[in-house]
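Asker:
There are 4 protein chains.
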Amino acid sequence: MSPKIVDKEEKKREIVMAAMQIFSEKGVVKTKMADIAKVANIGKGTIYEYFKNKDDIFINLFEMHFSQIRQEAALIMEKYNNPTDKLKQFVSLTVTSLIDEHSNFAEIMLDIWAEGIREHNENINHVFDLERIYREYRNVIIQILQDGIEKGFFKVMDTTLTASLFIGALDGIMLQWLIQKDLFNFATLTENIMSIFINGIKK
Amino acid sequence: MSPKIVDKEEKKREIVMAAMQIFSEKGVVKTKMADIAKVANIGKGTIYEYFKNKDDIFINLFEMHFSQIRQEAALIMEKYNNPTDKLKQFVSLTVTSLIDEHSNFAEIMLDIWAEGIREHNENINHVFDLERIYREYRNVIIQILQDGIEKGFFKVMDTTLTASLFIGALDGIMLQWLIQKDLFNFATLTENIMSIFINGIKK
Amino acid sequence: MSPKIVDKEEKKREIVMAAMQIFSEKGVVKTKMADIAKVANIGKGTIYEYFKNKDDIFINLFEMHFSQIRQEAALIMEKYNNPTDKLKQFVSLTVTSLIDEHSNFAEIMLDIWAEGIREHNENINHVFDLERIYREYRNVIIQILQDGIEKGFFKVMDTTLTASLFIGALDGIMLQWLIQKDLFNFATLTENIMSIFINGIKK
Amino acid sequence: MSPKIVDKEEKKREIVMAAMQIFSEKGVVKTKMADIAKVANIGKGTIYEYFKNKDDIFINLFEMHFSQIRQEAALIMEKYNNPTDKLKQFVSLTVTSLIDEHSNFAEIMLDIWAEGIREHNENINHVFDLERIYREYRNVIIQILQDGIEKGFFKVMDTTLTASLFIGALDGIMLQWLIQKDLFNFATLTENIMSIFINGIKK
DNA sequence: CATGAATGAGATTTCATTCAT
DNA sequence: GATGAATGAAATCTCATTCAT
Chain A
0 MSPKIVDKEE
10 KKREIVMAAM
20 QIFSEKGVVK
30 TKMADIAKVA
40 NIGKGTIYEY
50 FKNKDDIFIN
60 LFEMHFSQIR
70 QEAALIMEKY
80 NNPTDKLKQF
90 VSLTVTSLID
100 EHSNFAEIML
110 DIWAEGIREH
120 NENINHVFDL
130 ERIYREYRNV
140 IIQILQDGIE
150 KGFFKVMDTT
160 LTASLFIGAL
170 DGIMLQWLIQ
180 KDLFNFATLT
190 ENIMSIFING
200 IKK
Chain B
0 MSPKIVDKEE
10 KKREIVMAAM
20 QIFSEKGVVK
30 TKMADIAKVA
40 NIGKGTIYEY
50 FKNKDDIFIN
60 LFEMHFSQIR
70 QEAALIMEKY
80 NNPTDKLKQF
90 VSLTVTSLID
100 EHSNFAEIML
110 DIWAEGIREH
120 NENINHVFDL
130 ERIYREYRNV
140 IIQILQDGIE
150 KGFFKVMDTT
160 LTASLFIGAL
170 DGIMLQWLIQ
180 KDLFNFATLT
190 ENIMSIFING
200 IKK
Chain C
0 MSPKIVDKEE
10 KKREIVMAAM
20 QIFSEKGVVK
30 TKMADIAKVA
40 NIGKGTIYEY
50 FKNKDDIFIN
60 LFEMHFSQIR
70 QEAALIMEKY
80 NNPTDKLKQF
90 VSLTVTSLID
100 EHSNFAEIML
110 DIWAEGIREH
120 NENINHVFDL
130 ERIYREYRNV
140 IIQILQDGIE
150 KGFFKVMDTT
160 LTASLFIGAL
170 DGIMLQWLIQ
180 KDLFNFATLT
190 ENIMSIFING
200 IKK
Chain D
0 MSPKIVDKEE
10 KKREIVMAAM
20 QIFSEKGVVK
30 TKMADIAKVA
40 NIGKGTIYEY
50 FKNKDDIFIN
60 LFEMHFSQIR
70 QEAALIMEKY
80 NNPTDKLKQF
90 VSLTVTSLID
100 EHSNFAEIML
110 DIWAEGIREH
120 NENINHVFDL
130 ERIYREYRNV
140 IIQILQDGIE
150 KGFFKVMDTT
160 LTASLFIGAL
170 DGIMLQWLIQ
180 KDLFNFATLT
190 ENIMSIFING
200 IKK
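Just so you know, the sequences run in chain order A, B, C and D.
Residues in the first sequence are numbered from 0 upward in steps of one, following numbering that gives the first Met the number 0.
Residues in the second sequence are numbered from 0 upward in steps of one, following numbering that gives the first Met the number 0.
Residues in the third sequence are numbered from 0 upward in steps of one, following numbering that gives the first Met the number 0.
Residues in the fourth sequence are numbered from 0 upward in steps of one, following numbering that gives the first Met the number 0.
1. Any residues in the region 59-92 of chain C with a beta carbon nearer than 7 Å to a beta carbon of chain D? Which ones, in chain order?
2. Output needed in chain order: residues of the region 6-38 of chain A with a Cβ under 8 Å from some Cβ in chain B.
3. Could you check whether the region 97-108 of chain A touches the region 9-24 of chain B, counting it as contact only if at least three pairs of C-beta atoms, one from each stretch, sit closer than 8 Å?
4. Tell me whether Ser1(B) sits in a helix, a strand or coil according to DSSP, three-state version.
5. Using CA coordinates, which residue listed in Ile143(B), Phe196(B), Gly147(B) is at the minimum distance from Gly167(B)?
6. Using a C-beta to C-beta distance shorter than 7 Å, which residues of chain B count as neighbours of Ala186(A)?
7. Phe50(D): which of Thr95(D), Lys180(D), Ser91(D), Lys10(D) sits nearest, CA to CA?
8. Over what stretch of residues does the alpha helix (DSSP H) that includes Met156(C) continue unbroken?
9. Taking CB distances under 9 Å as the criterion, tell me whether Asp110(A) reaches chain B.
10. Express the C-alpha separation of Phe65(A) and Tyr136(A) in angstroms, rounding to a whole number.
11. Just to confirm, are Asn191(C) and Leu160(D) a CB contact at a threshold of 9 Å?
12. So Gly216(C) contacts chain D; which residues on that side make the cut at Cβ distance below 8 Å?
13. Whole angstroms are fine: how far does the CA of Met193(A) sit from the CA of Ile14(B)?
14. I'd like to check one pair, Met32(B) with Lys53(B): are the Cβ atoms closer than 9 Å?
15. Let me make sure I understand the geometry here. Which of Asn122(D), Arg12(D), Glu118(D) has the alpha-carbon closest to that of Ala39(D)?
16. I need the DSSP call for Lys201(B), collapsed to helix, strand or coil.
17. Please look up how many angstroms separate the CB atoms of Gly205(C) and Ala113(D), rounded, as I've assumed it's under 8 Å.
18. Quick check on the DSSP output: what are the complete alpha helix (DSSP H) runs of length 4 or more inside the region 37-108 of chain C, in order along the chain?
19. Among Leu86(C), Ile58(C), Gly44(C), whose alpha-carbon lies nearest the alpha-carbon of Gln142(C)?
20. Using a C-beta to C-beta distance shorter than 8 Å, which residues of chain C count as neighbours of Ile141(D)?
21. For Ile148(D), does the three-state DSSP call read helix, strand or coil?
22. Find the residues of chain C that neighbour Glu118(D), judging by a C-beta separation of less than 8 Å, and give them in chain order.
23. State the Cα-Cα distance for the pair Thr93(B) and Glu100(B), rounded to the nearest angstrom.
24. Roughly how many angstroms lie between the CA atoms of Ser1(C) and Lys150(C), to the nearest whole one?
25. So Arg117(B) is in the alpha helix (DSSP H); what residue range does that whole segment cover?
26. Could you confirm whether any beta carbon from chain B is found closer than 9 Å to the beta carbon of Asp157(A)?
27. For Ile192(A), return the contacting residues in chain B, with the cut-off set at a CB-CB distance below 7 Å.
28. Could you confirm whether any beta carbon from chain D is found closer than 9 Å to the beta carbon of Gln145(C)?
29. DSSP three-state call for Leu182(C): helix, strand or coil?
30. Interface residues of chain C around Ile172(D) at Cβ under 8 Å?
31. Under 9 Å between C-beta atoms, does Leu177(B) make it to chain A?
32. Mind checking if Glu130(B) is an interface residue toward chain A, Cβ cutoff 9 Å exclusive?
33. Please list, in chain order, the chain A residues whose beta carbon lies closer than 9 Å to that of Glu106(B).
34. Mapping DSSP to helix, strand and coil, what is Met19(D)?
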C-alpha cells in the first residue's frame with residue numbers, strides 16, 4: 000500500500016548530472032553506461048529505468064540546458080531596457096551557463112556541435128537542431144541590436160552578420176579557453192571582448 | 000628515395016584521405032576501420048600495414064594538415080610585406096585549408112578539439128597539443144600585429160588578447176557555417192569580418 | 000476455510016488467468032513478469048506473494064487445467080454408458096477446454112509440449128510429465144474402446160495404437176486450426192472427424 | 000593477394016547445423032548465441048559474420064528445411080504415378096525429414112509452430128508463414144487424392160478436410176512420439192496409420 | 001499485504017585487431 | 001604485401017527477483 004516514493008524527475012536530474020560529468024571528461028561516445036552508473040552511485044540497470052539509452056541521457060541534458068537558457072534569456076529581455084545592458088546580461092548568461100562551478104557544460108558543447116552537424120542516427124533523430132538553437136540565439140541578439148539602433152545607441156550595417164560574428168566570437172573564445180584554461184579568465188576576457196564589440200557598434 | 004617508398008607514402012595518404020571522409024561524416028570515434036577500408040578500396044588488414052591503429056591515422060591526418068598549414072603560413076610571412084596583406088592571406092589560408100572542395104577538414108576540427116581538450120590516452124599522448132598549435136597561431140597573428148604597429152598601420156592595446164579574439168572569431172564563424180552552410184558563404188563572410196576587424200585595429 | 004484463504008486462491012487464479020493471456024500471445028519464455036503484473040492489475044512484487052517464479056505460474060496453470068480436465072473426464076465416464084457417447088463427450092470436453100471463449104489454452108499447449116519434451120530444470124522438474132498425461136489420455140480412450148468392443152459396438156485391432164492415432168489426430172487438427180483459424184470451425188471439424196473415426200472402428 | 004578462402008555457404012550450413020542441435024535441446028528462445036558458438040567450435044563473434052542474429056539463424060534453418068522438402072516433394076510427384084505410392088512416399092519423406100539420424104528437426108517444429116502462430120517480432124516479420132506452408136502441404140495431398148479419385152482408387156467426400164485430417168494425424172503422432180520415443184517406432188507406426196488411412200479412403 | 005524502484009547476472013552485439021593464406 | 005575470416009574483450013541492454021517502505 001505504501002511503495003517506495005521516489006521523485007522520478009529528481010532522479011533523472013541526478014543521472015543527467017552524473018552523465019554530464021563523465022561526458023565532459025571523456026566525451027559522449029567514449030562514456031560507458033557503467034561509468035555513469037558508478038558516478039551516480041546506482042546500478043547499471045537503474046539508468047535504463049529512467050532513460051532509453053545513452054543518447055536519451057544526452058538529449059535530456061541538451062534539452063534541460065537549453066530550455067533553462069531560453070527561460071533565462073527571456074527574463075533578461077523583460078527585465079532590462081537598455082540595449083547595452085541586455086547585451087551584457089546575455090553574454091553573462093551564456094558564459095555562466097557554460098562554466099559555472101557546478102557544471103561542465105562547455106566541454107559538452109563539443110559533443111553537441113559534433114552531433115548537431117552530423118547525420119543523425121535513429122536514436123537522436125533531429126533532436127540536436129542546432130540550426131534552430133543558433134537561429135534563436137541570433138534572433139535574440141538581432142532584436143537587441145535593432146532595439147539599440149532604434150534607440151540611437153548602435154550603428155550596425157547588417158544585424159544578422161553582426162549577430163553571427165558576436166556569437167561566433169563567444170564560441171571561439173570559449174574554445175580557446177577550453178584548450179588552455181590558464182591563458183585567460185574566461186569571464187574577464189568576455190567582458191573585454193564585450194567592450195571592444197560594443198565600442199565597435201556604438202554610434 | 001626508391002619508388003617503393005614513394006608508393007608507401009602515397010598509399011598512406013590515400014588511406015588518410017579515405018579516413019578523413021568518414022571521420023567528417025561520423026566523427027572519429029564512430030568511424031569503423033571497416034568503413035575506412037571500404038572507402039580506401041583496400042582490405043581491412045591492409046590498413047594495419049600502414050598504420051598502427053585508428054588513432055595513428057587520426058594523428059597522421061592531424062599532422063599532415065598542420066604541417067602543411069605551418070609551411071604555407073611561413074610562405075605568406077615571407078612573401079608579403081604589408082601587415083594587412085599578411086593578415087588577409089593568413090585568413091584566406093585558414094579558410095581554404097578548412098573548406099576546400101577536396102577536403103572536409105572543418106568537420107574534423109570538432110574531433111581535434113574534443114581530443115585536444117580531453118585526457119589523452121597513451122596512443123595520442125601529446126600529439127594533439129592544441130595549446131601549442133593555438134600558441135603558434137596566436138604568435139603568427141601577434142607578429143603580424145606588432146609588425147603593423149611598428150609600421151604605423153595598426154593600433155592595438157593587447158596583441159595577445161586581440162590575436163585570441165581574432166582566431167576565436169574565425170573558429171566560431173566556422174562553427175556556425177558548419178551548422179548551417181546556407182546561412183552565409185563562409186569565404187565572403189570571412190572577408191567581411193576581416194574588414195570589420197582590420198578597421199577596428201586600423202590606426 | 001477462512002475467507003482469507005478463499006481470497007488468496009481467487010487472487011492466484013486471477014494471476015494465472017492474466018499469465019495465460021500473455022503466455023498465449025508471446026509464449027511463456029518471452030512473457031515478462033511485468034507483463035503479467037500489468038494485465039493482472041497488480042504490482043510486479045505482488046506476484047511473488049503468490050508464486051515462487053514464472054515457472055511456478057506456468058505449473059499452476061498447467062495443473063489447474065489438467066486437474067479440471069481429469070475431473071470432467073471422470074464425470075463423463077460415470078455419466079454416459081454408451082461408448083460412442085463417451086467418446087463424443089470426451090472429444091467435446093477436449094475441444095472446449097482448449098478453445099472456449101474465456102481461455103486461450105490451445106496456444107499454451109505449444110509451450111507445454113515444448114517444456115514437456117525437453118530437459119527440465121529444477122523448477123519444473125517432473126511436473127510437465129506429458130508421458131503420464133498422454134498415458135492417462137490414452138487409457139481413457141482405451142477403456143472406452145475396450146468397453147465398446149466388449150459391448151459389441153467397436154472392432155479395433157490394437158487399442159493403444161488406435162487411441163494414439165485418435166489423440167494425435169485431435170492434436171494435429173488443433174495445430175492446423177491455430178495456424179489458420181478461418182480454415183475450418185474447429186468444433187464442427189472435430190465432429191466430422193469423430194464420425195469418420197467412429198465409422199472406422201464401428202463393428 | 001591470396002586471402003583465406005572460405006566456403007561461406009558451407010560455413011553458414013555448419014552454423015545452422017550447430018544451432019539446430021541446441022535449438023532442439025533447449026528450444027530457440029532459451030538457446031544462447033554462446034551455446035551455438037561453442038557447438039560450432041567458433042567464436043561468438045564469428046556467428047555475426049554470417050547471421051544478423053539468432054532469429055536469422057532460425058529463419059535460415061526453417062527455409063533450408065522447407066525448400067528441401069518442397070524440392071523432394073516435387074520429385075516424388077513426378078516420379079510416381081500410382082496415387083497410393085505417391086501418398087506413401089510423401090509420408091515417408093515427411094517422416095525422414097523430421098527424424099533422420101543427422102537432424103533433430105522434429106523438436107524444432109515446436110518452435111516453428113510457436114513462432115508461426117504468434118505475433119511476429121520485427122526480426123522474424125512474416126517469414127514463418129505456416130499458413131502458406133500448410134496450404135502447400137494440403138494442396139499436394141489434395142492433388143494426390145483427386146488423382147486417386149479420378150483414377151478410381153479413392154473415395155473421398157471432402158478432399159480438403161481429408162487432407163487436413165491426414166496432415167494433422169501425422170503431426171499429432173509425431174508429437175506423441177516426441178513425448179515418448181519408446182512408445183512406438185515412429186516410422187513403423189506411420190506405416191500402420193497409412194494403411195488405416197488408405198483403407199479408409201480406398202474405394 | 002502490496003508495491004515498484006533498484007539491481008546485477010547474464011544475454012546480445014560490436015568491432016579493433018590478428019594472422020593464416 | 002594484401003587480405004578478410006576469425007575472434008574475444010568490452011560494450012549495451014534486459015529482466016527476474018529482491019526488499020525498503
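The beta-carbon is built from N, C-alpha and C at its ideal position, and this holds for glycine as well.
Answerer: According to the data block:
1. none
2. Glu24, Lys25, Gly26, Val28, Lys29
3. no
4. As a first step, residue 1(B) must be located in the second sequence, where it is residue number 2. Because Ser1(B) sits at a pLDDT of 48, beneath the cut-off of 50, its placement in the model cannot be relied upon, and the point is left open.
5. Numbered from 1 along the second sequence, position 168 holds the residue referred to as residue 167(B). Of Ile143(B), Phe196(B), Gly147(B), the residue nearest in Cα terms is Phe196(B).
6. Sequence index remark: in the first sequence, residue 186(A) carries index 187 (1-based). Neighbours of Ala186(A) on chain B: none; closest Cβ ~14 Å, over 7 Å.
7. Against the fourth sequence, residue 50(D) aligns to sequence position 51. Nearest of Thr95(D), Lys180(D), Ser91(D), Lys10(D) to Phe50(D), Cα basis: Lys10(D).
8. Position 157 of the third sequence holds residue 156(C). Met156(C) -> no alpha helix (DSSP H), and no H or E assigned at all.
9. One-based indexing of the first sequence puts residue 110(A) at position 111. At least one chain B Cβ lies under 9 Å of Asp110(A).
10. Position 137 of the first sequence, counted from the start, is the residue given in the question as residue 136(A). Position 66 of the first sequence, counted from the start, is the residue given in the question as residue 65(A). Approximately 11 Å, taken between the alpha carbons.
11. Within the third sequence, residue 191(C) is the residue found at index 192, counting from 1. Within the fourth sequence, residue 160(D) is the residue found at index 161, counting from 1. Yes, the Cβ-Cβ distance between Asn191(C) and Leu160(D) is below 9 Å.
12. Residue 216(C) lies beyond the stretch modelled for chain C, which goes from 0 to 202, so this question has no answer here.
13. Looking up residue 14(B) in the second sequence gives position 15. Looking up residue 193(A) in the first sequence gives position 194. Looking at the two C-alpha atoms, the distance is approximately 45 Å.
14. In the second sequence, residue 53(B) corresponds to position 54, counting from 1. In the second sequence, residue 32(B) corresponds to position 33, counting from 1. Result yes, Cβ atoms of Lys53(B) and Met32(B) sit closer than 9 Å.
15. Here residue 39(D) refers to the residue found at position 40 of the fourth sequence. Comparing Cα-Cα distances from Ala39(D) to each of Asn122(D), Arg12(D), Glu118(D), the minimum goes to Arg12(D).
16. Locating residue 201(B) in the second sequence gives position 202, counting from the first residue. If DSSP states are grouped into helix, strand and coil, Lys201(B) belongs with the strands.
17. Because chain C in this structure spans residues 0 to 202, residue 205(C) falls outside the shown range and cannot be described.
18. 43-49, 53-78, 82-98
19. Here residue 142(C) refers to the residue found at position 143 of the third sequence. For the residues Leu86(C), Ile58(C), Gly44(C), the minimum Cα distance to Gln142(C) belongs to Leu86(C).
20. Start at 1 with the first residue of the fourth sequence, and residue 141(D) comes out as number 142. Simply none; closest approach about 13 Å.
21. For the purposes of this step, residue 148(D) is taken as residue 149 along the fourth sequence, with counting starting at 1. Here Ile148(D) sits in helix by DSSP.
22. For the purposes of this step, residue 118(D) is taken as the residue at position 119 of the fourth sequence. Under the 8 Å cutoff, chain C gives Glu24, Lys25.
23. Along the second sequence, read from residue 1 onward, the residue named residue 93(B) stands at position 94. Along the second sequence, read from residue 1 onward, the residue named residue 100(B) stands at position 101. So the alpha carbons of these two residues sit roughly 14 Å apart.
24. Reading the third sequence from its first residue, position 2 is the one you call residue 1(C). Reading the third sequence from its first residue, position 151 is the one you call residue 150(C). Confidence is the limiting factor: at Ser1(C) the pLDDT is only 47, short of 50, which leaves the residue's position unreliable and the question unanswerable from this model.
25. Here residue 117(B) refers to the residue found at position 118 of the second sequence. It is not in any alpha helix (DSSP H) - Arg117(B) carries neither H nor E in the DSSP assignment.
26. Reading the first sequence from its first residue, position 158 is the one you call residue 157(A). Yes - at least one Cβ of chain B is within 9 Å of the one on Asp157(A).
27. Taking the first residue of the first sequence as position 1, residue 192(A) is located at position 193. Near Ile192(A) (Cβ distances below 7 Å), the residues of chain B are Leu164.
28. For the purposes of this step, residue 145(C) is taken as the residue at position 146 of the third sequence. Judged by the 9 Å Cβ criterion, Gln145(C) is not in contact with chain D.
29. Position 183 of the third sequence, counted from the first residue, corresponds to residue 182(C). Here Leu182(C) sits in coil by DSSP.
30. Reading the fourth sequence from its first residue, position 173 is the one you call residue 172(D). The answer, in chain order, is Ser163, Leu164, Gly167, Gly171.
31. The residue you call residue 177(B) lines up with position 178 of the second sequence. It does: the Cβ of Leu177(B) has a partner Cβ on chain A nearer than 9 Å.
32. As a working mapping, residue 130(B) is identified with position 131 in the second sequence. Yes, Glu130(B) counts as interfacial toward chain A.
33. Residue 106(B) sits at position 107 when you count from the first residue of the second sequence. Those within 9 Å of Glu106(B) in chain A are Ala113, Ile116, Arg117.
34. As a first step, residue 19(D) is located in the fourth sequence; it is residue number 20 there, counting from the start. DSSP places Met19(D) in helix when its eight states are reduced to three.
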